[in-house]
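Colleague:
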């Protein structure tokens, strides 16, 4: 019976009338984000969305997208200056992030040299964000500075069934020690609060289990463009286009090219519906989408219609 109901929902979703109704809801409820250089007023919706929040997860549909990085940078600056977030966790190893953290606090070392081992995160966009944080820390007292940490570990990588649990343990431990509101920078598949994408409990699911409503997850999606992946240790650029009859293709038809869509508004016509968004891993694969259930996997989603490959830091 449940399977029949799901099939009926999907048929209704992808009919012309259903498509039109969902687009209408998107256009009425999405918050437009004009561009990453616009005033912070574009992000004022976050103040209400994040009431009571302790940990915010910022996902990404790939590790090599310029606009995702720029948008996350804008959000992070807003959260630091307006909502008192002072701890940032990266999907990277603790040892690599600690070198950068020391630079952010006291200026010791060469930031570009520290970033060389960050793989796809060795980008100009992330370098600019870290430089902004360094400059911010120069203007504040030591107790008010932004701290960076890595929640991943190479020892976690061999077993995907335990990696996300171990990463969530590291995040929870660090947040409790620091006692401050926290931002996480990671791939969508790790941020997701349910099992729809990876078919196993992701880091976000463990954080939800620990924090309930105090963990908020924002996914990122795009429809078309270019992206960087890693091949033989080097950046490699690829073009992509999302499949039709997916969430990505529907979002691309919305009136705004870039927007935040909250899934907690009621009534929400997406509840109970599963479809795909763009998903690109660090390597190039034939399958470049994964399913999500809005409101279950993510509390909200940022969509950018066309994106471009990140710029490698030289």
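In this note's numbering, the protein residues as written are 1331 to 1644.
Each residue gets a CB set at the ideal place from its N, CA and C atoms; glycine is no exception.
In this text the structure is predicted, and so the values were computed from the model without any measurement.
1) Kindly give me the distance between the Cβ atoms of residue 1478 and residue 1405, rounded to whole angstroms, as I take these residues to be in contact under 8 Å.
2) Under a three-way DSSP split, which group does residue 1417 fall into?
3) Just checking, does the region 1395-1410 make contact with the region 1489-1507 on the three C-beta pairs under 8 Å criterion?
4) Once you ignore the five residues that flank residue 1625 on each side, which residues in its own chain have a CB closer than 8 Å to its CB?
5) Which term fits residue 1511, buried or exposed, when burial requires 16 or more other beta carbons within 10 angstroms of its beta carbon?
6) Contact check, residue 1630 vs residue 1591 under 8 Å by CB: the rounded distance?
7) Once DSSP output is grouped into helix, strand and coil, what is the label at residue 1464?
8) Pick from 1491, 1475, 1400 and 1541: whose alpha carbon is nearest that of residue 1525?
9) Kindly provide the ranges of any beta strand (DSSP E) runs that are 3 or more residues long and lie completely inside the region 1496-1571, ordered along the chain.
10) Under the assumption that residue 1360 contacts residue 1550 (Cβ atoms under 8 Å), give the Cβ distance between them as a whole number of angstroms.
11) Quick test of the definition: if touching needs 3 or more C-beta pairs under 8 Å, does the region 1604-1615 touch the region 1391-1402?
12) What whole-angstrom Cβ distance do residue 1619 and residue 1576 have, given they're in contact under 8 Å?
13) What does the Cβ neighbour count give for residue 1584, buried or exposed, with the cut at 16 atoms within 10 Å?
14) What does a CB cutoff of less than 8 Å around residue 1432 pick up in its chain, not counting 5 residues either side in sequence?
15) Can you find the residues in the same chain that come closer than 7 Å, C-beta to C-beta, to residue 1381, ignoring five residues on each side of it along the sequence?
16) Please look up how many angstroms separate the CB atoms of residue 1399 and residue 1640, rounded, as I've assumed it's under 8 Å.
17) Should residue 1643 and residue 1454 be called a contact, given that it needs their Cβ atoms to be closer than 9 Å?
18) Just verifying my parser: in three-state terms, what is the DSSP assignment at residue 1490?
Modeller: According to the data block:
1) Position 148 of the chain shown, counting from 1, holds the residue named residue 1478. Position 75 of the chain shown, counting from 1, holds the residue named residue 1405. Residue 1478 to residue 1405, Cβ: 16 Å. No contact.
2) Locating residue 1417 in the chain shown gives position 87, where the first residue counts as 1. Of the three classes helix, strand and coil, the one that applies to residue 1417 here is strand, per DSSP.
3) no
4) Taking the first residue of the chain shown as position 1, residue 1625 is located at position 295. Result list for residue 1625: 1593, 1594, 1598, 1600 and 1601, in chain order.
5) The sequence position of residue 1511 within the chain shown is 181, counting from 1. Buried, by the Cβ-count rule.
6) Taking the first residue of the chain shown as position 1, residue 1630 is located at position 300. Taking the first residue of the chain shown as position 1, residue 1591 is located at position 261. Correct: roughly 6 Å between the Cβ atoms.
7) Start at 1 with the first residue of the chain shown, and residue 1464 comes out as number 134. Looking at residue 1464 - three-state DSSP - the assignment turns out to be helix.
8) In the chain shown, counting from the first residue as 1, residue 1525 sits at position 195. Minimum Cα distance to residue 1525 is reached at 1491.
9) 1511-1515, 1545-1561 and 1564-1571
10) Here residue 1360 is taken as the residue at index 30 of the chain shown, counted from 1. Here residue 1550 is taken as the residue at index 220 of the chain shown, counted from 1. Not a contact, Cβ separation roughly 14 Å.
11) yes
12) Within the chain shown, the letter at position 289 stands for residue 1619. Within the chain shown, the letter at position 246 stands for residue 1576. Sure, about 6 Å apart at Cβ, within 8 Å.
13) Counting from one through the chain shown, the residue named residue 1584 turns up at place 254. Classification for residue 1584: buried.
14) Counting from one through the chain shown, the residue named residue 1432 turns up at place 102. For residue 1432, where only same-chain residues beyond five positions count, the Cβ hits under 8 Å are 1438 and 1439.
15) The residue given as residue 1381 occupies position 51 in the chain shown. Same-chain partners within the cutoff: there are none.
16) The residue given as residue 1399 occupies position 69 in the chain shown. The residue given as residue 1640 occupies position 310 in the chain shown. Indeed, because the Cβ distance is near 6 Å, the residues count as touching under 8 Å.
17) The residue given as residue 1643 occupies position 313 in the chain shown. The residue given as residue 1454 occupies position 124 in the chain shown. Result yes, Cβ atoms of residue 1643 and residue 1454 sit closer than 9 Å.
18) Here the question's residue 1490 lines up with position 160 in the chain shown. Residue state, collapsed to three classes: helix.
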